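Asker:
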Amino acid sequence: MHDIQESIKAQRKYCEEHQDPHFAPNDGRCWSCNQNIYVPGHHVWKGKSDGRESSGITVEKAGRELVTGCPHCFRSYCD
0 MHDIQESIKA QRKYCEEHQD PHFAPNDGRC WSCNQNIYVP GHHVWKGKSD GRESSGITVE
60 KAGRELVTGC PHCFRSYCD
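Residue 19 in numbering that gives the first Met the number 0 sits at position 20 of the sequence shown, and the numbers go up by one each step.
So this is what it looks like as structure tokens:
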């Protein structure tokens with residue numbers, strides 16, 4: 000399920016429970032490609048869409064693993 004606010008909450012909770020750093024953007028919007036990481040979008044390479052769709056990060060995924068980068072442009076948030 001995709002829900003931006005619930006995904007943001009789930010990622011914060013995951014980070015707190017596992018004592019991990021919170022790398023994901025606070026509002027979910029990638030600072031590199033400007034798409035929200037918590038909803039489906041388009042793959043972006045060097046600032047341009049390559050026509051393929053990306054799935055984004057679901058509430059379930061945000062609650063079970065550490066978000067370290069953008070699923071759309073693959074930009075790392077932890078380097």
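We put the beta carbon where it would ideally sit given N, CA and C, even for glycine.
Being a predicted model, the structure only gives us computed values, none of them experimental.
(1) According to DSSP, is Gly62 helix, strand or coil?
(2) Given that a residue counts as buried once 16 or more other Cβ atoms are within 10 Å of its Cβ, and exposed if not, what is Thr4?
(3) May I have the straight-line CA-CA distance separating Glu59 from Tyr13, to the nearest angstrom?
(4) Evaluate Cys77 with the Cβ neighbour count: other Cβ atoms within 10 Å of its Cβ, from every protein chain shown; 16 or more gives buried, anything less gives exposed.
(5) If Pro24 and Ile36 are in contact, beta carbons under 8 Å, what's the gap, nearest whole angstrom?
Answerer: In this structure, then:
(1) If DSSP states are grouped into helix, strand and coil, Gly62 belongs with the helices.
(2) Note on residue identity: the sequence assigns Gln, not Thr, to residue 4. Burial call: exposed.
(3) Going by the C-alpha atoms only, they are around 11 Å apart.
(4) When all chains shown are included, Cys77 counts as exposed.
(5) Confirmed, about 7 Å.
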